[in-house]
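For the sequence shown, the positions run 1 to 330 when full-length UniProt numbering is used.
We put the beta carbon where it would ideally sit given N, CA and C, even for glycine.
What follows is one structure encoded as structure tokens, with my remarks underneath.
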Amino acid sequence: MRTVLWLIALVAVLFAAGWHLAARQIRSGIGQALAGMQATGQASVADWRLQGFPWRFDLTLQEPRLASADGQFAWAAPKLELHALSYRPHHLIAVLPARQTVWLGGEEIDIQTADARASAVTRISTDVPLERANVVARDLRLTGRLDWSMTVTELRLAAQALDDDPLGQNAIRIGAEATGIDLKGPAQAILARAGLDAEDGHLRLDGIVATDRPLDRRALDGRLRVTAVRITDLAFDWGGLSLTGAGEMNVSSAGQPEGRIDLSLRNWRALLPVLRQAGLIQPRSQAMAESMLGMLAASDGNPDTLSLPLVLSGGAMALGPLPLGPAPRF
């Protein structure tokens, strides 16, 4: 019995020593990473601490802020908590705060949630490459500075690294689903004037995105460039409209997309008043547009469903025969 007790005590001492050794390495790594990112303006933290002895590593960051190298994206929050079991340090669980702020392009977006959690599993490597991740947020509210807001009952996001995919070496499968989407602001007013409801929308997306380098700890060092996108399943139901789509596009080194996404819109006639209210078509042109689109829909055998390709080529994009102007850059 005494031998067993000594063995238990020895294991406990070794386990405690292992935790402190790992904690020292983690603290050193975090300190170096923060110092480097703060020097380039990509991160700032008011304070941080690592606790959790002996079973976990609990990292608390006070007033964290992250930003991309090109300044097009930034994120900030009052606090961020990261947790990992001491025997599975590569599996992180994040408890997101009730309020966050995102800067996307020139727009500042305030995000509030009743409950938001995320997890990420990395591969065991010094570069910490992402293997898979997911986010679940409930009772989500987004408020923009440009007089708009959106609420979402539940949002689920997922990502998984793919080892072998035709799109490229750094391919990530992504999935998203949002339920109970409600819009407020100018978009809601436009839909209301067109006789459509801006509430209880449902979005589902499944696809693959390839980038020019892996999603790892160096991902914020310079701009992470998208090289290809494949949409395998897109479904969006909202206000009596139902949109589905699938397709693929490649992105040049200059950020110019080339490809095609096949879209189908059920109850497409309900969209015309929306386009008119938004000023995208003139009232006198609505009848002509409806006649032309009606012939296109009838040619596919279903007059209530309009199927058109979204073609991106040469820096421009077009929906079937309708030019839409310059294509977005990635």
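DSSP state of residue i mapped onto helix, strand, coil
{"i": "S291", "result": "helix"}
{"i": "S149", "result": "strand"}
{"i": "S299", "result": "helix"}
{"i": "V45", "result": "coil"}
{"i": "I172", "result": "strand"}
{"i": "A189", "result": "helix"}
{"i": "P328", "result": "coil"}
{"i": "S242", "result": "strand"}
{"i": "L85", "result": "strand"}
{"i": "I93", "result": "strand"}
{"i": "P323", "result": "strand"}
{"i": "G106", "result": "coil"}
{"i": "A270", "result": "helix"}
{"i": "L21", "result": "helix"}
{"i": "R223", "result": "coil"}
{"i": "A12", "result": "Legend: pLDDT at A12 = 49, less than 50; position of this residue unreliable, no value from coordinates given."}
Spatial distance of residue i from residue j (CA atoms)
{"i": "P89", "j": "A77", "result": "24 Å"}
{"i": "M317", "j": "F330", "result": "14 Å"}
{"i": "G105", "j": "Y87", "result": "40 Å"}
{"i": "residue 334", "j": "R132", "result": "Since the displayed the chain opens at 1 and closes at 330, residue 334 lies outside it and no answer follows."}
{"i": "V128", "j": "I109", "result": "29 Å"}
{"i": "T126", "j": "G29", "result": "11 Å"}
{"i": "G255", "j": "I26", "result": "37 Å"}
{"i": "L80", "j": "V209", "result": "27 Å"}
{"i": "A12", "j": "R56", "result": "Per-residue confidence for A12 stands at a pLDDT of 49, beneath the threshold of 50, marking its modelled position as unreliable; no derived number is given."}
{"i": "P326", "j": "Q169", "result": "29 Å"}
{"i": "V152", "j": "L21", "result": "43 Å"}
{"i": "G279", "j": "T227", "result": "34 Å"}
{"i": "Q286", "j": "T143", "result": "33 Å"}
{"i": "L85", "j": "H91", "result": "8 Å"}
{"i": "R204", "j": "A235", "result": "5 Å"}
{"i": "G71", "j": "F53", "result": "38 Å"}
{"i": "G315", "j": "V251", "result": "11 Å"}
{"i": "L271", "j": "I281", "result": "11 Å"}
{"i": "G207", "j": "T244", "result": "13 Å"}
{"i": "R158", "j": "E248", "result": "This sequence places Ala at residue 158; Arg is not what is there. Answer to the nearest angstrom: the Cα atoms are 20 Å apart."}
{"i": "P328", "j": "L312", "result": "9 Å"}
{"i": "T232", "j": "A246", "result": "5 Å"}
{"i": "L130", "j": "T40", "result": "23 Å"}
{"i": "I124", "j": "D304", "result": "52 Å"}
{"i": "T122", "j": "P97", "result": "23 Å"}
{"i": "Q32", "j": "A67", "result": "17 Å"}
{"i": "L265", "j": "S119", "result": "35 Å"}
{"i": "A69", "j": "L140", "result": "28 Å"}
{"i": "P214", "j": "A161", "result": "9 Å"}
Whole-angstrom C-beta distance between residue j and residue i, which should lie under 8 Å
{"i": "R225", "j": "D212", "result": "4 Å"}
{"i": "L155", "j": "A178", "result": "5 Å"}
{"i": "A43", "j": "L50", "result": "Rounded, the Cβ-Cβ distance is 17 Å, inconsistent with contact."}
{"i": "W48", "j": "L59", "result": "7 Å"}
{"i": "W268", "j": "L322", "result": "Between L322 and W268 the Cβ distance is about 13 Å, and since that is not below 8 Å, they are no contact."}
{"i": "residue 342", "j": "G239", "result": "The requested residue 342 does not occur in the structure, where the chain is confined to residues 1 to 330."}
{"i": "D182", "j": "D200", "result": "7 Å"}
{"i": "W148", "j": "G175", "result": "Between G175 and W148 the Cβ distance is about 26 Å, and since that is not below 8 Å, they are no contact."}
{"i": "L310", "j": "L319", "result": "6 Å"}
{"i": "I111", "j": "T101", "result": "7 Å"}
Strand pairing of residue i, partner residues [DSSP]
{"i": "L306", "result": "L265"}
{"i": "R132", "result": "V121, Q160"}
{"i": "Q112", "result": "R99, R141"}
{"i": "Q51", "result": "D58"}
{"i": "I231", "result": "G207, G247"}
{"i": "V311", "result": "R260, A318"}
{"i": "T179", "result": "E154, H202"}
{"i": "D237", "result": "H202, S242"}
{"i": "L80", "result": "L61"}
{"i": "L66", "result": "A43, W75"}
8 Å Cβ cutoff, residue i in contact with chain D
{"i": "T113", "result": "Chain labels in this structure do not include chain D; a single protein chain is all it has."}
For the region 133-149 against the region 102-120, are there 3 or more C-beta pairs whose distance is under 8 Å?
Yes, the region 133-149 is in contact with the region 102-120.
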